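Protein chains in written order, with this note's numbering: chain D, 1 to 467; chain S, 1 to 467; chain Y, 1 to 467; chain X, 1 to 467. All C-beta atoms, glycine included, are put in the ideal place defined by N, C-alpha and C. None of these values were measured; they are calculated from a predicted model. Okay, so here's the structure we're looking at.
Written as structure tokens, this is what we have:
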């Protein structure tokens with residue numbers, strides 16, 4: 001029955017392969033079995049069960065051996081996936097050893113398995129997330145490096161404001177991605193904590209051996225053993241959701257920028273092209289921004305999903321009713337969508353086709369008005385700030401009304417021509433000369449990026465050497 | 001590749017079979033093909049294409065003939081499912097007639113197919129939704145009928161307030177469900193509208209025949225032809241989401257009530273039991289409220305999903321970027337979760353085990369204080385409102401402080417015993433006698449329900465006769 | 001203390017005067033007092049209290065007589081505004097008649113007052129909302145009428161697609177606004193329901209007179225008397241929130257469109273100008289789209305607020321804990337923001353400066369590629385669909401690669417020039433000739449609008465005559 | 001006009017004094033003026049303007065001197081508060097020195113002022129937030145210390161599961177609060193960053209002196225100078241919102257727990273009482289949980305507000321349209337509600353009335369079934385796990401069916417009495433003896449708390465010494 005109702009048509013578009021794999025049903029089952037195996041081994045290590053029992057249990061902890069359809073049915077009846085998983089596992093183990101079967105899941109509660117399994121999946125996810133954010137940062141750093149002297153219109157409230165460089169824009173992207181990596185580093189140790197408390201957090205069925213088993217179990221799974229079980233306190237998981245929310249917000253901002261730059265009328269940048277990509281059979285001029293569509297749709301969806309996770313935190317007593325269940329699909333949804341959006345961001349950044357000529361042309365659209373501030377500042381040095389402001393206002397109003405270039409109008413203004421020669425005015429009205437601190441800012445961001453990148457590489461080398 | 005990453009383990013628990021089927025990938029593909037078939041037939045009807053062409057196209061419009069994996073891949077590339085669907089369909093048709101293949105999807109745009117397909121799925125969904133709400137209303141009406149004289153504590157701010165009847169409580173459930181059915185009726189005609197505008201809503205590729213084709217197409221699909229295409233105006237779809245949000249809110253309220261009544265300490269009602277249902281291996285006394293868990297988790301999740309749909313309404317120009325894409329999974333998610341929750345509500349209502357004795361016992365927990373108001377009202381008739389209030393305040397404070405029954409304390413109070421005999425006081429302090437308008441209110445609600453039910457039956461009979 | 005911490009700096013910008021007035025503290029207090037006055041009168045009408053008592057109470061029901069600071073303090077202590085309001089009212093009445101003071105709020109519970117007061121405020125709000133949506137529809141209908149033949153680029157995925165008319169775009173706005181008015185009409189009778197149930201919905205303190213008092217009270221306030229009180233069922237109020245969510249989504253869509261059209265590079269429409277409006281001291285060319293900013297910010301905020309209202313529906317038992325309290329500020333927030341956004345929409349629509357020349361110029365940006373479909377359709381009649389498609393593909397690719405106008409390239413193509421004369425090609429490549437059903441669609445929408453408008457006027461005349 | 005529409009009636013209840021003050025209009029204006037003063041001083045320090053000019057400007061930077069009504073009106077026209085603020089400030093300064101008036105706001109853009117002002121307010125807020133979380137942690141640590149040996153029922157899915165201690169429950173509260181403090185520490189340095197970029201982030205109007213001015217300005221305001229301005233990247237602010245979301249989720253969880261414990265039928269804990277607090281005139285036995293109501297309502301509201309902030313992150317280009325505006329009220333709303341909820345949590349924790357006897361009594365409600373697991377574990381040591389499980393299952397089923405105490409039933413069972421004496425069974429069935437690792441866990445949490453507390457005190461002492 002399960003085989004007939006998949007809902008995966010959009011997975012490849014919206015989530016990509018990697019995130020979908022981490023949070024597949026099969027993987028979700030395997031991490032629960034990893035818990036059961038580790039629990040058996042931990043109990044053998046502290047001497048609560050024989051090693052042979054642990055071995056018998058371990059030998060059955062392979063997701064492929066399980067009947068997923070039966071699991072889904074058992075879950076519908078019992079209310080969570082761990083119960084039918086434990087039942088099937090017990091049956092499998094009892095084929096090897098009836099004795100051993102009695103020790104399956106010994107001392108643990110369903111939520112211990114489900115929550116720890118979730119943490120194990122999130123560990124894989126965080127690695128992918130980190131790698132993908134880094135990739136995106138690298139791509140935008142490359143663009144920044146390449147375009148630090150490419151002038152374009154700075155835009156505020158969707159209106160051209162004053163000139164910037166494209167490198168300054170992408171430096172902002174690099175900067176925010178580095179901040180997200182920092183947050184990810186901070187969150188990781190909090191998240192990677194074992195869940196193991198038994199029915200109500202006391203591990204009472206293990207007598208006074210609970211903490212010992214917990215320590216061994218944490219060691220088996222390479223997870224921190226927290227001071228107290230967190231069945232009813234969901235901040236660790238919710239924090240992953242909120243971090244994803246922040247990351248997706250930034251990805252959405254970038255995708256919005258780039259898709260606006262890709263408008264037919266702006267035409268400053270476009271998504272990488274490929275056969276069949278974003279094409280339209282009847283509209284040959286169109287190149288649909290598929291990556292931006294994916295990222296923006298994710299940016300629309302994730303905030304609501306985050307709010308669900310936050311709302312779900314209000315869980316009753318030792319283990320709650322409904323709130324816990326609300327996390328099961330929502331958290332993977334957030335993670336896979338976030339990763340999918342970031343993969344698209346990498347693709348977008350790495351293949352972006354930038355049209356510096358169009359940027360330059362667009363700088364001319366206001367017929368020089370974009371540089372009114374520059375002119376005003378220059379004039380002020382000669383005739384004072386107040387007077388300069390008045391003169392520029394007069395000129396710009398005339399330019400606006402007569403729809404003539406500022407360049408032309410100002411050369412008719414004595415108070416301007418007295419103080420500036422023609423070539424001086426040319427320089428003054430070249431947008432490339434009015435980008436202020438764009439260059440130094442960009443350099444600072446790039447320097448910061450490179451130092452972080454060096455750390456990653458050093459760390460990566462160590463990690464690699466350590467393998 | 002698709003087969004290895006399903007995420008369906010929780011479908012049966014959270015969504016049930018029916019909703020999952022309506023929104024499966026296969027069904028989603030079929031409704032798009034239903035559009036293509038209807039379009040070909042419509043164009044044949046108005047004479048734009050030959051009937052043989054329409055027949056060739058129709059013959060290929062079977063979802064089972066399509067390669068779903070290739071669809072997913074094509075979708076990832078092109079940005080929506082309609083493009084690879086049309087490509088596959090065209091290939092299939094060209095095996096029959098190269099000529100006909102040229103007329104596949106003639107005049108339509110991707111969004112026409114996707115949106116109309118979505119409306120067709122929602123039509124099926126609304127039928128299921130309506131039927132399930134009606135079932136729930138029937139079940140709660142039955143409970144209301146049975147328990148209109150079963151006294152229990154009314155509770156406000158989680159504190160016992162004054163007595164009510166259990167029938168009054170469930171009458172409230174019936175009442176709100178009827179209101180949701182009314183909303184559903186109102187929404188339906190707005191929703192069931194064809195989407196057909198071509199690339200930008202002008203149907204220009206059909207010359208001046210667009211409206212004619214649209215009319216025929218609407219007729220084929222039994223959908224209204226709206227005054228104007230609605231590619232960029234998503235209120236029709238978003239309204240389904242908001243209605244689901246309202247319904248789920250009510251379902252959550254009911255599940256909250258019943259799960260609170262099922263607490264070990266309250267024990268007034270419990271979920272139906274079944275072998276394996278909500279059981280706990282190590283805690284024999286527990287019967288986990290699985291249905292309530294499902295409903296409450298849905299009530300936590302759906303509001304955020306609704307907010308995503310509302311946020312997605314801000315779509316650009318003739319067809320938007322990102323907002324449209326955000327709907328694709330979110331709307332089915334809302335619908336399937338809503339239906340799943342309602343199916344659980346029906347199950348909960350129909351199998352609810354009500355313990356009227358426990359209700360009665362709980363009415364005694366405040367040692368009579370629950371009836372202070374009743375006493376005050378009765379006394380007021382004899383000694384005036386102000387004096388009555390003062391006397392009752394004195395008595396209740398003593399009862400509270402001395403932790404003695406009000407019944408006992410008040411019989412020591414002259415101002416009370418002067419006016420009431422023992423048996424009169426017995427009657428006064430019987431919670432069953434202080435339920436005010438509960439009876440008439442319940443009767444009114446039930447009468448309203450029955451009249452609605454008669455309408456459904458009449459309508460159903462007509463529908464049936466019409467088949 | 002209260003006077004020192006107002007948070008109103010943004011009210012005029014974001015909410016406007018009218019909505020802010022309806023939901024001011026003073027008005028919020030007055031509607032509660034309206035309830036108390038009506039309750040006293042209702043109880044006098046059915047003979048439960050003397051008319052003199054009702055008169056004494058009525059005489060004190062003026063918000064201006066109350067100490068708002070004390071109310072806020074009392075609310076902080078007791079947990080809702082009705083309790084300190086009743087206390088102050090009782091004190092005021094007791095200055096007139098100690099006897100009468102005993103009958104203040106007789107039979108009602110705090111939530112009866114707060115909820116009914118809320119409904120009274122919402123009634124005022126709905127009137128304003130309806131009037132403002134109608135105004136917006138009128139303005140967009142005027143634009144539609146004026147611009148039904150103004151060609152512009154239709155845009156999908158932020159790319160130019162095929163030509164439309166500006167009238168077609170605004171007709172879409174009219175159409176959706178009419179749908180919202182329909183929803184509003186349907187919601188109104190459900191919403192305008194009295195809340196009156198006493199402590200737990202039984203009106204027990206009124207003995208068997210509850211329903212009678214309720215009927216008289218409903219009559220006093222011109223509210224429907226529902227079958228059962230709805231303290232724990234919040235769908236009526238939540239539906240207002242969801243309707244606002246839908247409306248704001250549409251307003252956001254329109255504001256997004258118009259702000260995109262107002263980009264420096266597009267320049268097809270701009271917000272009305274006024275001294276000081278959206279100006280920038282240093283950037284004379286900028287005209288900040290203030291109305292769009294307000295509407296879009298509201299469209300970002302309201303979905304989350306709606307989700308809060310939906311989440312708040314899960315209220316416990318007869319009167320809930322926390323959920324009810326969550327509505328108090330959230331619902332007015334939604335209403336005032338919605339009304340503020342709509343007022344801005346009216347302002348935007350009525351003062352919109354449309355630049356038809358710019359629209360025409362932008363149609364030329366793709367150098368004719370926008371009309372590839374038109375050419376293909378025309379050619380197909382001569383050389384068959386498949387061949388036409390191939391020819392046009394060849395031509396458009398050349399035009400794209402060589403960055404030359406389609407017009408120029410296609411005149412070099414024998415298969416084209418064989419079938420079309422120069423003037424024929426001129427006509428074919430004029431975007432104004434490829435707007436398909438735009439004209440008839442626009443006419444249909446306008447006709448629908450006018451018929452609705454006639455109904456409003458007729459209804460308004462009747463209402464007026466009735467006064 | 002402003003004075004007549006305040007919406008503050010609920011401030012004291014929901015937000016408390018402190019948060020309301022930090023985010024009042026007056027304070028919001030003052031922080032903008034703090035920016036202007038600091039900017040003038042910074043520019044004087046680097047020699048761009050004379051010190052006399054800076055002094056003239058500084059002398060006018062007092063919020064009390066401003067016309068708030070005019071500000072609101074100017075804001076409605078110009079679209080943000082900074083523009084009319086700068087206009088009024090310029091007028092005030094020009095009364096002192098026309099020359100100086102020309103340098104007001106020199107080089108800054110509106111968003112520089114608004115954003116930096118917001119950061120300054122958030123700095124105050126974070127201090128209050130930290131102090132309040134610490135207070136709550138202290139209170140719950142005190143309860144933990146006091147109740148580490150107070151047995152109560154552990155509850156899962158709203159059903160009694162196995163015994164815990166009340167100290168274990170509150171230890172969980174302490175633990176999560178410490179984690180939130182950790183997050184707050186991490187967030188702070190990221191947040192406390194200057195916003196200063198001029199019109200589009202280049203500071204071009206300051207020529208090449210921009211970075212220098214920025215450095216001096218950061219120094220004046222004691223804010224970090226970030227590598228690049230963050231007008232379009234809102235993660236710093238959004239992170240405050242998400243942290244509040246996490247904190248409120250935890251507060252809601254605690255309030256839910258305590259309010260469930262306060263139900264009439266459970267009666268294990270109740271909110272502190274005070275005259276007038278949560279009272280009900282007609283229901284003397286009720287003590288409405290006002291603090292829980294406030295916290296829970298906040299927990300319902302904040303997730304949706306957080307989603308709005310996340311949704312608002314998608315801001316266009318250098319400074320966005322609508323997204324920025326959406327933050328202005330939403331962020332203060334989140335902060336004030338969070339602080340208000342936490343203040344209530346402190347109040348709740350510090351005044352909580354705990355009824356250990358009721359806890360003990362409730363442990364008996366299942367007639368011993370709560371200890372089935374304990375019995376099973378004990379028996380297993382004698383007769384093996386499988387057999388023990390079977391025996392206990394038999395006994396518990398009999399107890400359930402016959403509604404008799406487990407204690408009684410099991411003494412009829414030979415397999416039990418063979419292995420345990422009467423007193424042994426007594427011990428076994430005492431819930432206080434089956435709390436497993438509760439004691440050690442509680443001790444670990446308390447030790448962790450004390451070490452953190454020592455750090456606060458040490459840090460506080462240093463801070464104090466430094467003053």
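Compare the Cα-Cα distances from residue i to each of the options and report the closest residue.
| i | options | result |
| --- | --- | --- |
| residue 171 (chain X) | X:374, X:458 and X:140 | X:140 |
| residue 58 (chain S) | S:334, S:46, S:65 and S:38 | S:38 |
| residue 10 (chain D) | S:194, S:101, S:327 and S:99 | S:327 |
For residue i and residue j, I'd like the C-alpha separation in whole angstroms.
| i | j | result |
| --- | --- | --- |
| residue 274 (chain X) | residue 84 (chain Y) | 15 Å |
| residue 169 (chain Y) | residue 318 (chain S) | 8 Å |
| residue 471 (chain X) | residue 127 (chain Y) | Outside the displayed span of chain X (1 to 467) sits residue 471 (chain X), for which this structure offers no information. |
| residue 22 (chain D) | residue 109 (chain Y) | 53 Å |
| residue 455 (chain X) | residue 186 (chain X) | 16 Å |
| residue 371 (chain D) | residue 429 (chain D) | 6 Å |
| residue 93 (chain Y) | residue 50 (chain Y) | 14 Å |
Check whether the Cβ atoms of residue i and residue j sit closer than 9 Å, and answer yes or no.
| i | j | result |
| --- | --- | --- |
| residue 241 (chain S) | residue 305 (chain S) | yes |
| residue 330 (chain S) | residue 14 (chain S) | no |
| residue 224 (chain Y) | residue 189 (chain Y) | yes |
Do we get a CB-CB distance below 9 Å when we pair residue i with the residues of chain X?
| i | result |
| --- | --- |
| residue 3 (chain D) | Residue placement at residue 3 (chain D) is flagged as unreliable, the pLDDT there being 48, under the threshold of 50; a coordinate-derived value is accordingly withheld. |
| residue 387 (chain S) | no |
Does any residue of chain Y have a CB that is nearer than 9 Å to the CB of residue i?
| i | result |
| --- | --- |
| residue 319 (chain S) | yes |
Kindly indicate if chain B contains any beta-carbon less than 9 Å away from that of residue i.
| i | result |
| --- | --- |
| residue 228 (chain D) | Looking for chain B here will not work: the only protein chains present are D, S, Y and X. |
If you measure from the CB of residue i, is any heavy atom of the ligand SAM nearer than 8 Å?
| i | result |
| --- | --- |
| residue 162 (chain Y) | No copy of the ligand SAM appears in this structure; indeed no ligand is present at all. |
Counting only runs that start and end within the segment 359-414 of chain Y, where is the alpha helix (DSSP H) found for 4 or more residues in a row?
Listed in chain order, the complete alpha helix (DSSP H) runs (minimum 4 residues) inside the segment 359-414 of chain Y are 372-383, 385-402 and 406-410.
Run through the segment 330-361 of chain X for me and flag every whole alpha helix (DSSP H) of 4 or more residues, listed as ranges in chain order.
Complete alpha helix (DSSP H) runs here, min 4: none at all.
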